[in-house]
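**Q** Quick one: structure below, then a few questions.
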Amino acid sequence: MQPVDFDLIICGGGPVGQSVAGLLARRQRPAARIALIDMKTPEQAATDPRTIALSYGSRQILEELGAWDDIGRSATAIEQIHVSRRGHFGRTLLDRKDYDLPALGYVARYGEVNRALATAIAPLGLTLMRPAEAQDISEEDDHVAVTLKDGQVLRAALVIQAEGGVFGEQQQKTLQRDYQQLGVIAHVHADQPVAHRAFERFTDEGPLALLPQDDGYALVWCVRPATGEQLLALDDTAFLAALQRTFGERLGRFTRISPRHAFPLGLNARPGQGRRVVAIGNAAQTLHPVAGQGLNLGLRDARVLADVLARDLTPQALQAFDRQRDQDRGLTIRLTDLMARIFAGSPQGSPLQAALGLSLGAIDLLPGARALLTGQMMFGRR
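Residues 1 to 382 (full-length UniProt numbering) make up the sequence shown, in order.
Below, the structure written as structure tokens:
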């Protein structure tokens, strides 16, 4: 087969890959010269049931793409975030009213975000290759060649790697850390729900997040592997009792729970950078789920990269992108890594864990510190 030439090739058609493709087309890059490759069909991607937290800053990016109205119809707004430390003094309450915003963030299903973005970018004229799988990426002096599983070869000035994958199944990057934790996920119901309030509760083994969704809460409970295996082995009644002991009674009694699943938690960031290949989103940094920053950081990558490549398609543009994203990426990685390591590597009840509780109390007393924390969660370092 003869090679097919493009300006840009994007490997990975999840929310980050679709977003950068759509943003580039909207910035007047010739859409037909942008190839988007993904292993799944749009219909398969739309069935992904995972729950994700979208910051208000991510909503703004999705609005620019014309996808937000569709997502917003099924998403649940987060108007407050209650952060606490189990068994210790110290808590803080982040409230959207303090920042004159309609919401701090939103809880949505990954598949719904995929579907809305696929609908939004469909009329733009991009070259969409789904399903298709990239088997090899080879950099040359003046182009990059992508060989697909069927043997077809695509060539472009630059390649954007946006195929993230799951920690433990990815190629190791420069900065990798296995936290020796599992994230136990499920959907739970309580008899005294607080509308539009999310909870992040730090325990001796890791953070426990409850995100308002539909008529219940999406649960992400980060624990050490032995504890995770024990929790998965419990029946529903025993699991709800364990959750009640750990979380407390701020939502009354937990009454129902869906089937549970678990996945390993780790940090895998800072990939080796080629001259003509750039990684964004999970392909560049897979994070611990504390504070729910993974996809939001990836969408910020997509926006900045689109701004840079709208003007220039040379290796120097990728260097400019790295410089512009260094602070936001670095701060987010350091914050999530520090919080994860405090629990994953410290003995239960250690001084480091106690210090985190005290810092939560200090944040609640210092509006400036609270504003910095909320600003980073919603918009990143600008």
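Ideal placement from N, C-alpha and C gives every residue a C-beta, glycine not left out.
Tell me whether A233 sits in a helix, a strand or coil according to DSSP, three-state version.
**A** Note: A233 maps to helix in three-state DSSP.
**Q** Closest to V107 by C-alpha separation, out of D214, A279, V188 and G248, would be which residue?
**A** That would be D214, whose Cα lies nearest to the Cα of V107.
**Q** Provide the residue span of the alpha helix (DSSP H) that contains G111, from first to last.
**A** It spans Y110 to I121 - the alpha helix (DSSP H) in which G111 sits, taken as one unbroken run.
**Q** DSSP three-state label for A134, please.
**A** DSSP places A134 in strand when its eight states are reduced to three.
**Q** Using a Cβ-Cβ cutoff of less than 6 Å, which residues in the same chain neighbour R382 once the five nearest sequence positions on both sides are dropped?
**A** Low local confidence applies: a pLDDT of 48 at R382 is under 50, so the model's placement there is unreliable, and no value is given.
**Q** Would you say A157 and A283 are within 9 Å of each other, going by their C-beta atoms?
**A** No.
**Q** Could you name the residues that DSSP lists as bridge partners for S58?
**A** Beta-bridge pairing links S58 to no other residue.
**Q** Answer with buried or exposed for T255, where buried requires no fewer than 16 other C-beta atoms within 10 angstroms of its C-beta.
**A** T255 comes out exposed.
**Q** Does the region 193-205 come within contact of the region 74-88, defined as at least 3 CB pairs closer than 8 Å?
**A** Touching, yes.
**Q** Rounded to a whole number of angstroms, what is the C-alpha to C-alpha distance between Y217 and Q172?
**A** Each residue's alpha carbon lies about 33 Å from the other.
**Q** Could you check what DSSP says for L264 in three-state terms: helix, strand or coil?
**A** What sits at residue 264 in the sequence shown is Pro, not Leu. Here P264 sits in strand by DSSP.
**Q** DSSP three-state call for L313: helix, strand or coil?
**A** Correct three-state label for L313: coil.
**Q** Please classify M39: does DSSP put it in a helix, a strand, or coil?
**A** Reduced to three states, the DSSP call for M39 is coil.
**Q** What whole-angstrom Cβ distance do L232 and I257 have, given they're in contact under 8 Å?
**A** With a Cβ gap of about 12 Å, L232 and I257 do not count as contacting.
**Q** To which residues does DSSP link I280 through a beta bridge?
**A** BP columns for I280 are empty, so no partner.
**Q** Which term fits P212, buried or exposed, when burial requires 16 or more other beta carbons within 10 angstroms of its beta carbon?
**A** Answer is buried; the Cβ neighbour count reaches 16.
**Q** Relative to the alpha-carbon of R260, which residue among Q135, Y99 and V184 has its alpha-carbon at the smallest distance?
**A** For the residues Q135, Y99 and V184, the minimum Cα distance to R260 belongs to V184.
**Q** Using the beta-carbon count (16 or more within 10 Å), is D38 buried or exposed?
**A** Looking at its Cβ environment, which holds 16 or more other Cβ atoms inside 10 Å, D38 is buried.
**Q** Find out if the Cβ-Cβ distance for the pair A53, L295 is shorter than 9 Å.
**A** Yes, Cβ-Cβ distance for A53 and L295 is below 9 Å.
**Q** Bridge partners of L158, per DSSP?
**A** L158 is bridged to L8.
**Q** Just how far apart, CA to CA, sit G272 and P123?
**A** Cα-Cα distance, rounded: 35 Å.
**Q** Can you name the start and end residues of the beta strand (DSSP E) that L93 belongs to?
**A** L93 -> beta strand (DSSP E) spans R91 to D95.
**Q** Which same chain residues, not among the five before or five after L93, have their C-beta less than 8 Å away from its C-beta?
**A** Within the same chain, L93 has close Cβ partners Q80, I81, H82, V83 and D364.
**Q** Note the first and the last residue of the continuous alpha helix (DSSP H) segment covering V188.
**A** Careful: V188 lies outside any alpha helix (DSSP H), inside the beta strand (DSSP E) at L175 to A190.
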